[in-house]
Amino acid sequence: MDELSVVLKARGLVNKVAPTAAPVPVEAYVAEIGAVLRKDSSLGPEEAGYSFPKGDRHYICVNSNDRPERQRFTICHEIAHIVLGLPSEHEQLPWWSYARRPFNEILCDVFAAELLLPYGPFKRFVDKADLGLAAVEELAGRFDASMSATGSRFAAVAGCPCAFVLSEKGAVRYASRSTTLRQANAWITPRMALPAGSVCARLHAGGTCDGPEETAANLWFSSWDRGGTLLEDARHFPQWEQTVALLWSEDEELPTPATGRSREREAEEHGLAELDGILPWPGKKRRR
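The sequence shown maps to residues 1 to 288 in full-length UniProt numbering.
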């Protein structure tokens, strides 16, 4: 199973429930698949939840001690295990860790984000937002979702060159890119160390940041020969040893490759761009 198949299945469930308000009522998804939701106060701090079949129904249990937004994500994550038929691999790592996260769990996270932040309603908010982590934070509150899930979706649906990067213990664990960046093969290498000179690296080392700062695009993008600069807005969460960043270009049209190499060669180096059906906007300046 690949990410595109997961996205399509998730959007099929969203279309059946047809949520119209934010935050979306996750209980409606539970009812749609015929599952039963239970809250368990006996689970430990590292146990977000689980699901199991019994008779002709599935049961979803979530940790009632978790924050509400975490419980909502866990519910949608367990719905993913049920709908996709993927076995659980929760026992390997804490729920918040992205280090060596099993592929099945990543796919269920993708599914959960599609349910919590439905493409149509969420994109309408993103299209109106100023770029920056403040906008991500505001939308996370509006949709009652985590910063990481919202940031990932924000970058994926943005109409301009934009990426959301989550790092853990000083190494990149996950990066979500807008269609514009994927089409340009702006590749952020998984597991690479935070680039020296980046805002993220400074925060991870104990430094400070007062807001978005300019950074060279080739600090973040592998084999990048187009030049240009990005704006980098970052936050560090010491309790999880995680740093998140939103990267974006003020110009919606990226510079052309300095070497004139073909897109076919770029595709050979980094693989084909993900398919999501999102078209880039016409070029124009974005506000900081």
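All C-beta atoms, glycine included, are put in the ideal place defined by N, C-alpha and C.
Everything numeric in this text was worked out from a predicted model, so none of it was measured.
Relative to Leu230, the option among Val244, Lys128 and Glu214 whose CA is nearest is Glu214.
Runs of the beta strand (DSSP E) lying entirely within the UniProt domain "IrrE N-terminal-like" (45 to 153) and spanning at least 3 residues, in chain order: 49 to 54 and 57 to 63. Collapsing the DSSP output to three states places Ser41 in coil. Counting C-beta pairs closer than 8 Å gives fewer than three between the segment 120 to 128 and the segment 236 to 246, which falls short of the contact rule. Annotation for Cys160: no beta strand (DSSP E) segment contains it, and DSSP assigns it neither H nor E. Between Ile75 and Ile33, the gap from beta carbon to beta carbon reaches 8 Å or more. For the 8 Å CB-CB criterion, Ser51 and His58 form a contact.
Taking the CA atoms as reference points, Ala155 sits about 41 Å from Gly55. Per DSSP, Glu250 lies in no alpha helix (DSSP H) and is assigned neither H nor E. Shortest Cα-Cα distance from Ala216 to any of Ala186, Lys16 and His81 involves Ala186. The Cβ atoms of Pro53 and Asp144 do not sit closer than 8 Å to each other. Residue ranges of uninterrupted alpha helix (DSSP H) with 4 or more members, entirely inside the segment 195 to 249 and ordered along the chain, are 199 to 204 and 217 to 220.
Contact annotation, Phe164 with Leu84: C-beta distance approximately 24 Å; criterion of less than 8 Å not satisfied. Nearest to Gly159 by C-alpha distance, out of Val14, Ser167 and Glu253, is Glu253. Excluding five sequence positions before and after Cys61, the CB atoms of its chain that fall closer than 6 Å to its own CB belong to Arg38, Asp40, Gly49 and Tyr50, given in chain order.
Pairing Ala193 with Ala175, the inter-Cα distance amounts to about 13 Å. Arg153 and Ser42 have their C-alpha atoms some 32 Å from each other. Met1 is classed as exposed because its beta carbon has fewer than 16 other beta carbons within 10 Å across all chains shown. By DSSP's assignment, Glu32 forms no beta bridge with any residue.
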